[in-house]
Each structure stands twice: as structure tokens, then as C-alpha cells.
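Novice:
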Amino acid sequence: MLFCIILICSQTWAEDEAAANFSGYVKSYTLWQDALEVSNSEPLADEQWQSQNSLRLMLDYFPSEQLSVQLHYEIQPIYRTKPSALGAGGPFSTLSSIDNRYRIKDFSNPDDGDHWLFLQNLDRLNLRYSTEQGDLTIGRQVVSFGSARFVNPTDIFVPFALQTLNQEYRVGIDAIRYQAALGDFAQLDMGAVIGEDAKKENSGLFLRGRDNWDGRDVQGIVIALDQAWLIGGGLETAIGNYGFWLETAYVDAEIEIDNTEVRYWRHSVGSDYALNERWILMLEYHYNGAGSDDPQDYLALLAVQPYQQGGVYLLGRHYLIPALNWQASPLISVNGSGFFNLEDDSCFISLVADISWSEDLYSDVGVYWSRGEGLSLDLAVSPDPAALQFGSEFGNYPVSVYASLRWYF
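Residues 7 to 415 in my numbering are what the sequence shown spells out, letter by letter.
(1) According to DSSP, which residues form a beta bridge with Val-32?
(2) Cα separation between Asn-106 and Leu-308?
(3) Bridge partners of Val-148, per DSSP?
(4) In chain order, what are the residue ranges of uninterrupted beta strand (DSSP E) at least 3 long that sit wholly in the stretch 280–309?
(5) In or out: Tyr-248 buried (at least 16 other Cβ within 10 Å) or exposed?
(6) Who are the near neighbours of Leu-8 in its chain, counting only those whose CB is closer than 8 Å to its CB and skipping five residues on each side?
(7) Taking only the alpha-carbon atoms, compute the straight-line gap between Ser-34 and Gly-342 and give it to the nearest angstrom.
(8) Out of curiosity, what's the CA-to-CA distance linking Tyr-31 and Leu-171?
(9) What does the alpha-carbon distance come out to for the pair Ala-25 and Leu-330?
(10) Can the beta-carbon of Leu-281 be found closer than 8 Å to that of Leu-287?
(11) Looking at Ile-84 and Gln-58, is the spacing between their C-beta atoms short of 8 Å?
(12) What are the boundary residues of the alpha helix (DSSP H) that Asp-165 is part of?
(13) Hey, how far is the Cα of Arg-155 from the Cα of Ser-274?
(14) Where DSSP assigns a beta bridge to Ala-181, which residues make up the other side?
(15) Can you give me the C-alpha to C-alpha distance between Thr-36 and Gln-193, rounded to a whole angstrom?
(16) Comparing alpha-carbon positions, which option in Asp-141, Ser-364, Tyr-304 lies nearest Phe-400?
(17) Let me make sure I understand the geometry here. Which of Ile-338, Leu-123, Gly-317, Arg-377 has the alpha-carbon closest to that of Trp-363?
(18) On the criterion of 16 or more Cβ atoms from any shown chain inside 10 Å, does Ala-334 qualify as buried, or is it exposed?
(19) May I ask which residues mark the beginning and end of the beta strand (DSSP E) holding Pro-312?
(20) Quick one: using the 10 Å Cβ neighbour count with 16 as the cut-off for buried, is Phe-415 buried or exposed?
(21) Helix, strand or coil: which one does DSSP assign to Gly-401?
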């Protein structure tokens, strides 16, 4: 029904190009994943092929100079040769998150274990009122923060996981947001995020200020959730021929674990350098105070506040993240990056080549490869899969190889 309404509206508004813009894309990913092995037990997931497809329809409508309406709707038909017991939203899934607590109401996307899975996503639906003083946006929209390139400590509202294939558009959340221009570069950004059923425990407030001081982009932010608060900031600048960034956040959560409050720091610091017009080298260090230096703690961490509401997805503490971008030709680029957990000696490597066939047609070929000690099950303790133990963080990720075709209209 919504699809038909969008198509009818797009044809009606197409007559007035100044009043409406209609666009979208069709994407198809073919994915092979290796089995997810478990020592002393059956595989947690079998080797499988997937066909992940996506149709995204995007409408921007401008009824007046000050008002605009944004609507993005996406449908994803997915075929799996071996549906996993972990489900579509499992910890090693390459799909974008289908469990979003920062939406008042959302489509139900049940996974009943069949080969076919259909996901719906009303990703944008907002009204914006713009004046010379600022913009007021009400509805489903993008709320993201950060200065770092790979891990953003201040970006806690539904960040992408490492292995997500389609990362072109950030996941929309429900919010009321006002962005006020205070000068040529200064901005005050404030708002309320309204979560599931508009309940206090699923919602939050944020206040961010940003400015440019002598060529240095600086920002500070405060976020208040029902059970935690965050204070942080970031810096982006150039030091000689090197780009430099720093982002930090401190979180104080009210939930107690073993009678101790959850308080932690997260930091990201990095630099990039253009070796020449074709090669760019990047390096980032990330500290995750919410994580652990013991892999046996990893499974329990997934159930606590930082991982449920705080946007934390890395399980260890110290990470080194190198990346290299190569512009092989005007139409071909190759990007490689690695997440190295410095304490459990595991790593996650991503290598992808992007090819432009025309102005509207693109394709990708990529591989995710990981190294480290995998999952294990101590049968002497319990045969229950809930008793699984992590041997390392990234050693559990299955090898994934994929190819995609993307058409934009």
C-alpha cells in the first residue's frame, strides 16, 4: 500500500521538479559464508549462500520555502540456503540491525526460519521547518555524531556493526531535533530521541555544540538516557600534511553489576596521510572501557547496558585499526581495513573493490576474513549452547565473500 502511494505521488509531483524529488536504488548482494564452527559441538551455523536484495524509495517534498517532507521506505527480500538458528539479527549477521529500540513503533519483521525472509523499513519520515535561525526536524531521521573515522565513542544511536554489508544510509530513529546556526561555522544541536512505545527507558536527550577554531573542527556533546548519561567531544584538524582526529566519551550508567556502577571511557585517536594522488593511509587506535581483556567475559557483556543501549559493539578494550585506500582508476577503487584486538590476538579484515560502470550503475566485490580462537562448548559443564565460550572476539566471525550490483534512479 505504501509503495503504491509513493509511486502515485511521485508521478503527480514529477510535473513540478522544484516541489519534489523522487529517487531510490535497487541493490543485490550475493553472499557466501563459511560455517560457524564450535569446538566439541555441532556448528552454530552451517555454510550457506544468501541473496540479499533491497529496494529503497526516497521522496523529498517541498510544499513551501520553509517546509520539507522526507520519506524513505525500503523492502528487503532475502533468500538463505541454510537459515541460521541465530536469526536474521544474530551477532554475526551482515544485515543492518532489525531491532531498533529508538523507534516509537516499527514494522514487525519476524524470522520464522524459512529460506525466504522479507524485511520492511520505514527509514525516514520527517517534517522539517527551516528559518534563518535554524532547522526544526520532527519524525524519523538520522541522528549521528562523531569525529573519528572507524569507531565513534559519542555515536550511540544504532551504529553499524563491522560486518554490515549495506552501510550507505544510517538507520533512522524517531526524534525531535533543532539545529541552530550561531555563526559561520558554529552550531547548536539539541533534541529528544523517542524510543519504543515512547517509554522513558527507551528514550533520551542530547545537546551538542560545534565550531571551527582556526581550521580546527571541535565539538562537545552531552547525552542523557534513562539509565545512563554521556559527556564527550571531538577534534578534527591537520598537522602538516597529516589529517588528525580525536574523539572521547565518558559514560556513567545506573545499572549495577556485582554491586558496582558501570562507568567507562571510550577514546578514538587517528591520522590519515595521502601517499600520493591514488593512495591514502589511515591509522586509528580505539580504547573501549566497556569491554574486557578476558574472552570468557564477552558473552555476558552482550546483555549489559553499554551493548544494549550505549551503541557499543566491540568486546575487547584495545584496538588498532589500519586502513589503505587505492584509487586504481577513475572508475575503480580498492579499500582494505583491519580491526586488531590487541589483547586476545584476533583480527577482522575487510577488503572490497568498488567499480563504477556508469553514472547510475555500480558493483562491489569483497571479502571479510577473521583470525583468532573460535567458539567452544565445555560439555563437562553443560551441553546447552547458552554455555558457549568465546576464545577471542573476531575468531568467531565466519569468512564471508560477496559481490553486489547497485542501480540508482
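Built from N, CA and C at the ideal position, the CB exists for glycine as well.
Specialist: Checking against the coordinates, here is how it stands:
(1) Under DSSP, Val-32 shares a beta bridge with Leu-61, Trp-413.
(2) 16 Å
(3) Partner(s): none; Val-148 has no beta bridge.
(4) 285–294
(5) exposed
(6) Here the model assigns Leu-8 a pLDDT of 44, short of 50, so the residue's position is not dependable, and the following value carries that caveat. So the qualifying residues of the chain are Tyr-79, Leu-128.
(7) Ser-34 and Gly-342 have their alpha carbons spaced roughly 22 Å apart.
(8) 15 Å
(9) 42 Å
(10) yes
(11) A distance below 8 Å separates the beta carbons of Gln-58 and Ile-84.
(12) Here the sequence assigns Pro to residue 165, which means Asp is not the residue at that position. For Pro-165, there is no enclosing alpha helix (DSSP H), as DSSP marks it with neither H nor E.
(13) 9 Å
(14) Per the DSSP secondary-structure output, Ala-181 pairs in a beta bridge with Gly-145, Val-199.
(15) 42 Å
(16) Nearest Cα to Phe-400 within the set Asp-141, Ser-364, Tyr-304: Tyr-304.
(17) Ile-338
(18) exposed
(19) Unbroken run through Pro-312 is the alpha helix (DSSP H), 311–314; no beta strand (DSSP E).
(20) exposed
(21) helix
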